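In what follows, a single structure is set out as structure tokens and then discussed.
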Amino acid sequence: MSQDFDFNRRLRQASPMGMSLSMPVSRRDLMRVGVFSTAGMLLAGGQALGAAPATQPARAVSAGTGKAKAKSVIQIFLWGGMSHNDTWDPKPDSGREYMGEFLKAIPTNVDGIQLGELFPKLALQADKFSLIRSMTHRNNGHETAAYLMQTAHAPGERLAYPSIGAVFALFKSAQYKGLIPPYVVLTQAQGRFSEEGFLGPRFKPFATGSDPNATRFEVEGVVARGITDDRQKSRRKLLEKMNTMGTAMAASPELVAAEDARKQAYELILGPGREVFDLSKEKAELRDVYGRHTFGQDCLAARRMVEAGVPYIVINYPGGWDTHSNHFQTMRRQCPELDQGLAALLKDLKDHGLLESTVVWCCGEFGRGPKVDWQPPWNGGRNHYGNVFTALVAGGGFKGGHVVGSSDAKAEEVKDRPVYPVDLLGSIYQLGGIDASSRLSHPMGFEAHVLPAASEGAKSAGILTEIM
26 MSQDFDFNRR LRQASPMGMS LSMPVSRRDL MRVGVFSTAG MLLAGGQALG
76 AAPATQPARA VSAGTGKAKA KSVIQIFLWG GMSHNDTWDP KPDSGREYMG
126 EFLKAIPTNV DGIQLGELFP KLALQADKFS LIRSMTHRNN GHETAAYLMQ
176 TAHAPGERLA YPSIGAVFAL FKSAQYKGLI PPYVVLTQAQ GRFSEEGFLG
226 PRFKPFATGS DPNATRFEVE GVVARGITDD RQKSRRKLLE KMNTMGTAMA
276 ASPELVAAED ARKQAYELIL GPGREVFDLS KEKAELRDVY GRHTFGQDCL
326 AARRMVEAGV PYIVINYPGG WDTHSNHFQT MRRQCPELDQ GLAALLKDLK
376 DHGLLESTVV WCCGEFGRGP KVDWQPPWNG GRNHYGNVFT ALVAGGGFKG
426 GHVVGSSDAK AEEVKDRPVY PVDLLGSIYQ LGGIDASSRL SHPMGFEAHV
476 LPAASEGAKS AGILTEIM
């Protein structure tokens, strides 16, 4: 554990880009300041949303690969690590020592593919997704494995690389014109590492906060708790009256840019941007299909953001899967929620004509130990396991109804076709039209690329061409 915390600290130290007065300001930074007056904008950094910053922003030095099949990505991150034995790579013949309380596997709507018994709804959607049963990196630390799975770069290097979400936000920013930030997390960032890496705070994910299953989804910085829309509009009018500086210097380019930023921020709070987060606009029956729990409504909110064109959305599973103890009780509670929400999301995306242009990928930073630890204090728990685990991919150019690779008879090691983080992320980048060899602009001029090359020691067995 101390090694994990030390790694997290070193990641933050490795990134020389912190918030400064010369840094451009994100929408969330504006909201956090709490005022939208021109003076407030200047104090926050003097930059309007989209205005040219005083210092050169992070950028991609190389262009993308061209036409993209995937316009958006939904990443469902099962932080803590979900057991592959109990879910998407069951081994019913391995017995109770490995299967624990879940000794059955169930068929799906694709011949030859079976799932764990707690996934009956997802079993009916197997033609829409593929399973990678040979994911591997052999890293068993939460922070280090999470960094590896979301950057594909080895932890402990001199640079803190950006996550795949931050890279998508960087490459897609030129085409994306929506009010909602291009990289959104439902509902809380995990803090396992700094997702923006050396790209800086402009590419930090916008975390919505609150609970989409609540009566009112109070998105942090967008939907104010206990404040009506009318009162919010009154506050805006009052601020405009008090903005004597802006009135006196109306021709100033800096103040014009600040005024544009203020208008965009209010459009997010009171206009069309906010409506994306309003789940009451969906039919009650559909909300029931997703499940009236946080994860189910997270999935519905993600579909609405895809409709709005948001490039990258992360759902961090509420509660996590770090099941050293109380494992089977947790699985009985959480697997049905995951089953319901994910199955509904895949079907709903398909029904809306969005699945072909939306990548959905779902896994944790690793799996859980295939052999159940029945000894105290775990009493039937599973521990961290990065030797082999399973990931689910769908849409955006990924074929459905396939299995890539396999684990051995007890799900302890890769049997064939290993898939490394660089292979999975490289496949998603290619479907998103992003050249994984592109060089990223580093604030101190260091050589940095989207993905590591084989010459840098990155393990790879090739991108997932068999399902692309």
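Here the sequence shown stands for residues 26 to 493, numbered as in our numbering.
Note that beta-carbon positions come from the ideal geometry of N, C-alpha and C, so glycine has one too.
Quick caveat, the model's predicted, so the values are computed rather than measured.
Only counting the same chain, and skipping five residues up and downstream in sequence, which positions put a Cβ closer than 7 Å to that of residue i?
| i | result |
| --- | --- |
| V301 | I205, R329, M330, A333 |
| N238 | R317, H318, T319, Q322 |
| K116 | N110, Y123, M124, A434, K435, A436 |
| S431 | R158, S159, K440, D441 |
| K375 | K153 |
| K129 | P117, E142 |
Could you check the C-alpha separation between residue i and residue j for me, to the nearest Å?
| i | j | result |
| --- | --- | --- |
| C388 | L263 | 48 Å |
| G392 | F102 | 12 Å |
| F228 | V418 | 25 Å |
| S560 | L311 | Because the chain here runs from 26 to 493, residue 560 falls outside it and cannot be looked at. |
| Q72 | P278 | Its pLDDT being 32, under 50, Q72 is placed unreliably by the model, and nothing is read from it. |
| L156 | V413 | 13 Å |
| C360 | F154 | 17 Å |
| Y208 | L379 | 18 Å |
| T490 | M267 | 59 Å |
| Y201 | P336 | 8 Å |
| G425 | A151 | 7 Å |
| T348 | S259 | 49 Å |
| D373 | E362 | 16 Å |
| N165 | A191 | 24 Å |
| G366 | W399 | 31 Å |
| D114 | A232 | 32 Å |
| I138 | P468 | 48 Å |
| S480 | Y410 | 27 Å |
| S119 | T133 | 21 Å |
| E142 | D460 | 39 Å |
Nearest CA to the CA of residue i: which residue from the options?
| i | options | result |
| --- | --- | --- |
| V397 | T383, G421, T415, A436 | A436 |
| S198 | A368, S97, A214 | S97 |
| A214 | S235, L224, H178 | S235 |
| S529 | P117, L449, D364 | As shown, the chain starts at 26 and ends at 493. That puts residue 529 outside it, with no answer to give. |
| V210 | K440, F196, I99 | I99 |
| I131 | T490, S119, T112 | T112 |
| A434 | G457, E182, N165, P395 | P395 |
| S466 | L370, V314, G225 | G225 |
| V135 | H178, K372, H427, E438 | H427 |
| A483 | S350, A179, A369 | A179 |
| P401 | S259, L325, E472, S350 | S350 |
| E243 | Y201, A326, Y315, G181 | A326 |
| L195 | P230, T212, G421, N164 | P230 |
| S188 | G141, A95, V339, G120 | V339 |
| P297 | G203, I138, F193 | G203 |
| A95 | T383, R464, Y410, S480 | T383 |
| M107 | E381, D364, C324 | D364 |
| D303 | D376, T240, R256, D255 | T240 |
| C324 | T212, G141, G120, S119 | T212 |
Please confirm if residue i has its CB atom under 8 Å from at least one CB of chain D.
| i | result |
| --- | --- |
| A461 | Protein chains in the displayed structure number just one, and chain D is not present. |
Who are the Cβ neighbours of residue i in its own chain at under 8 Å, not counting the five residues just before and after it?
| i | result |
| --- | --- |
| R217 | N33, W104, H167, E168, A171, Y172, E390 |
| S462 | S87, H474, V475, L476, A478 |
| W386 | V98, I99, Q100, I101, A416, L417, V418, A419, L449, I453 |
| M495 | Limits of the chain in this structure are 26 at one end and 493 at the other, which puts residue 495 out of reach. |
| G487 | D448 |
| E438 | N412, V413, S432 |
| V429 | S155, L156, I157, R158, S159, R442, V444, L489, E491, I492 |
| L140 | T112, W113, P115, A130, I131, T133, L147, A148, A151 |
| A309 | none |
Please return the same chain residues whose Cβ sits closer than 6 Å to the Cβ of residue i, not counting the five positions on each side in sequence.
| i | result |
| --- | --- |
| A93 | G457, G458 |
| R57 | A caution first: R57 carries a pLDDT of 37, below 50, which makes its placement in the model unreliable, though a value can still be read off. Cβ neighbours of R57 beyond the five flanking positions: none. |
| I369 | Rather than Ile, the amino acid found at residue 369 in this sequence is Ala. Closer than 6 Å at Cβ, skipping near neighbours: V314, Y315. |
| G181 | none |
Measuring only from the beta carbon, is residue i closer than 7 Å to any heavy atom that is part of the ligand FMN?
| i | result |
| --- | --- |
| G225 | The model depicted lacks the ligand FMN and carries no ligand whatsoever. |
**OP:** Say whether the region 164-183 touches the region 137-149, bearing in mind that this needs 3 or more beta-carbon pairs closer than 8 Å, one atom from each stretch.
**Re:** no
Original post:
On the three-pair Cβ rule with 8 Å, is the region 445-463 touching the region 160-167?
Top reply: yes
Original post:
Does the count of Cβ pairs from the region 345-357 and the region 402-412 closer than 8 Å reach three?
Top reply: yes
Original post:
Is the number of C-beta pairs between the region 335-344 and the region 120-137 that are closer than 8 Å three or more?
Top reply: no
**OP:** List in chain order: all unbroken alpha helix (DSSP H) runs of 4+ residues lying wholly within the region 160-248.
**Re:** 167-176, 189-197
Subject >> Ordered list of beta strand (DSSP E) runs contained in the region 308-353, each at least 3 residues >> reply: 337-341
Subject >> Contiguous alpha helix (DSSP H) assignments of at least 4 residues, all confined to the region 87-130 >> reply: 121-124
Original post:
What are the complete alpha helix (DSSP H) segments, minimum 4 residues, inside the region 408-455?
Top reply: none
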